[in-house]
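S.K.: In our numbering, the protein residues as written are 4 to 385. Every residue, glycine too, gets a C-beta built ideally from N, C-alpha and C. As the structure is a computational prediction, the values presented were derived from the model and not from experiment. Below you'll find the structure I mean.
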Amino acid sequence: MGNNEISALRKILNREDPGYIVNAPNYWQWFAHQKNHGILPDELGECNTQLDMINTLGLDVFSRNVYCNEQDYWFGGLLEDHWNGTEYSAVKKMDGNDLVTIKRYKTKKGELTERLRYIFSESTLVQEKYLSDDTKENLDILEEILKSRSYSFLSSKYKKEQKKAGNKAIVVAGEVCSPLKMLHIFLGPVESTYLLTDDEPRALTLMALHEKNQLDAVRQMVATGVPVVMAMDNLDSQFHPPYYIEKYSASFYRKASEICHEHGASFFIHACGNQKDNLKLISDLGVDGLEGCAFPPVGDVELDEVMKLTHDRFIITGGITAIETSTLKNREEIFSFTRELFKRMKPFRNRFIYSASCNTAIDTDWETIRHFRDAWQEYAGI
Numbered sequence: 004m005g006n007n008e009i010s011a012l013r014k015i016l017n018r019e020d021p022g023y024i025v026n027a028p029n030y031w032q033w034f035a036h037q038k039n040h041g042i043l044p045d046e047l048g049e050c051n052t053q054l055d056m057i058n059t060l061g062l063d064v065f066s067r068n069v070y071c072n073e074q075d076y077w078f079g080g081l082l083e084d085h086w087n088g089t090e091y092s093a094v095k096k097m098d099g100n101d102l103v104t105i106k107r108y109k110t111k112k113g114e115l116t117e118r119l120r121y122i123f124s125e126s127t128l129v130q131e132k133y134l135s136d137d138t139k140e141n142l143d144i145l146e147e148i149l150k151s152r153s154y155s156f157l158s159s160k161y162k163k164e165q166k167k168a169g170n171k172a173i174v175v176a177g178e179v180c181s182p183l184k185m186l187h188i189f190l191g192p193v194e195s196t197y198l199l200t201d202d203e204p205r206a207l208t209l210m211a212l213h214e215k216n217q218l219d220a221v222r223q224m225v226a227t228g229v230p231v232v233m234a235m236d237n238l239d240s241q242f243h244p245p246y247y248i249e250k251y252s253a254s255f256y257r258k259a260s261e262i263c264h265e266h267g268a269s270f271f272i273h274a275c276g277n278q279k280d281n282l283k284l285i286s287d288l289g290v291d292g293l294e295g296c297a298f299p300p301v302g303d304v305e306l307d308e309v310m311k312l313t314h315d316r317f318i319i320t321g322g323i324t325a326i327e328t329s330t331l332k333n334r335e336e337i338f339s340f341t342r343e344l345f346k347r348m349k350p351f352r353n354r355f356i357y358s359a360s361c362n363t364a365i366d367t368d369w370e371t372i373r374h375f376r377d378a379w380q381e382y383a384g385i
């Protein structure tokens, strides 16, 4: 199966049955934690990257983070920022074992900063300070930042990463986000909600500026042959309810999908949490699929139900959540779980990629990872 990775993945993008269930895991944070803390299992002793680990296990590569630095940001690495009217700087410093990054944005209307911390003990990045925690006072500055920002796609870097991954892999460009997610990143979900409630016209102005630049980035990506673009939105109906999507994100999703389709590419959204209320809407906007669909108790919809609630070309990735990797401890339990899941997903294996629903927890046992791999090998062709 491993030798047919690219044909299988390409078949799924064409909505053709590859003959078995494709397995493209997400070990980004898990691998970084094991390597940075010197606890990689012996079998991975020669691995330097997540890609090495995936190849060692003989699995498929359909990934938007094989090229990302987990200490810098949650996503990205293929878009270069350009500033016209904003002075931007990023200063990194160590605080114990943690890496702290302070980003400054200086405009003619004033200056704002945000602070990120990479917590070494947990191998995770957190936002300690949003760009603005006093929205009413800083809207003019935010607008200047968004007006002055543009992007260029690093096509040579993408091609290098794709070559490194091999012609049997698909490197996904997970580089953009919706206007609503932009507000969440700059202001946090709470302040974003207040802004949308108290001053929606101003919020719409900010979001329109972001959407324009993000769509330009999508055009650049697909024009150079990128097969899959992904919006890194953490789509979850708790933070992205249908009402919000229709008002604030639908335009971006629809236009981004259309741009991708014009170039023979696919448009995905990173999902995280509850999806059921949004599935029909997302499907109707022309989106090709969701990355990381989670089923109960992490999510609120079963994977086979997702396939029935969306259009017949809708692709999902997912199948393993942190619940399974922490509670299914032995080979028998993991094999039983995998067999039953694959039986339900067999009718949809032309648009299903088996993967972690969001990430693989850092405390997942290596033996558990191997059992899931072995169970996939046993039942992939079920």
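State yes or no: is the beta carbon of residue 111 nearer than 8 Å to at least one beta carbon in chain C?
M.R.: The structure shown contains no chain C; it is built from a single protein chain.
S.K.: What are the residues that DSSP puts in a beta bridge with residue 86?
M.R.: 152, per the DSSP bridge assignment.
S.K.: Touching or not, the region 204-212 and the region 238-248, by the rule of three or more beta carbon pairs under 8 Å?
M.R.: Output reads no: the region 238-248 does not touch the region 204-212.
S.K.: Assign residue 217 to one of two classes, buried (16 or more other C-beta atoms within 10 Å of its C-beta) or exposed (fewer than that).
M.R.: It is buried - the Cβ of residue 217 has at least 16 other Cβ atoms within 10 Å.
S.K.: Does the structure place the region 94-106 close enough to the region 135-154 that three or more beta carbon pairs sit under 8 Å?
M.R.: Touching, no, given that fewer than three Cβ pairs across the two stretches are closer than 8 Å.
S.K.: When we look at the beta-carbon of residue 73 and count the other beta-carbons within 10 Å, is it buried (16 or more) or exposed?
M.R.: When all chains shown are included, residue 73 counts as buried.
S.K.: Name, in chain order, the residues that DSSP records as bridge partners for residue 52.
M.R.: Partner(s): none; residue 52 has no beta bridge.
S.K.: Let's see if you can read the secondary structure: which residues bound the beta strand (DSSP E) around residue 231?
M.R.: Residue 231 -> beta strand (DSSP E) spans 231-238.
S.K.: Roughly how many angstroms lie between the CA atoms of residue 382 and residue 346, to the nearest whole one?
M.R.: One C-alpha to the other measures close to 9 Å.
S.K.: Could you pull the start and end residues of the alpha helix (DSSP H) that residue 221 belongs to?
M.R.: Where residue 221 is concerned, the enclosing alpha helix (DSSP H) stretches over 203-226.
S.K.: Suppose only complete runs of 3+ residues qualify. What are the beta strand (DSSP E) ranges in the region 258-333, listed by chain order?
M.R.: Complete beta strand (DSSP E) runs here, min 3: 269-274, 292-296 and 318-323.
S.K.: Short of 8 Å in beta carbon distance, which residues of its chain neighbour residue 284, apart from the five on each side in sequence? Order them along the chain.
M.R.: Answer for residue 284: 245, 248, 249 and 253, listed in chain order.
S.K.: Helix or strand or just coil, what does DSSP make of residue 26?
M.R.: Note: residue 26 maps to strand in three-state DSSP.
S.K.: For the beta strand (DSSP E) that residue 106 lies in, which residues bound it at each end?
M.R.: Counting along the chain, the beta strand (DSSP E) containing residue 106 begins and ends at 101-110.
S.K.: Which of the three DSSP states, helix, strand or coil, is assigned to residue 10?
M.R.: Reduced to three states, the DSSP call for residue 10 is helix.
S.K.: Count the other CB atoms within 10 Å of the CB of residue 370; is the residue buried (16 or more) or exposed (fewer)?
M.R.: By the 10 Å Cβ count, residue 370 comes out exposed.
S.K.: How far does the alpha helix (DSSP H) with residue 158 in it extend, from its first residue to its last?
M.R.: It spans 158-168 - the alpha helix (DSSP H) in which residue 158 sits, taken as one unbroken run.
S.K.: Leaving out five residues on either side along the sequence, give the residues of the same chain with a beta carbon under 7 Å from the beta carbon of residue 53.
M.R.: The answer, listed in chain order, is 30, 31, 34 and 69.
S.K.: Out of 364, 339 and 367, point me to the one whose CA is closest to residue 385's CA.
M.R.: With distances taken between Cα atoms, residue 385 lies closest to 339.
S.K.: What does the Cβ neighbour count give for residue 354, buried or exposed, with the cut at 16 atoms within 10 Å?
M.R.: When all chains shown are included, residue 354 counts as buried.
S.K.: Quick one: residues in its chain with C-beta nearer than 8 Å to the C-beta of residue 239, no 5 flanking neighbours on either side, listed in chain order?
M.R.: Hits under 8 Å: 274, 275, 276, 277 and 278.
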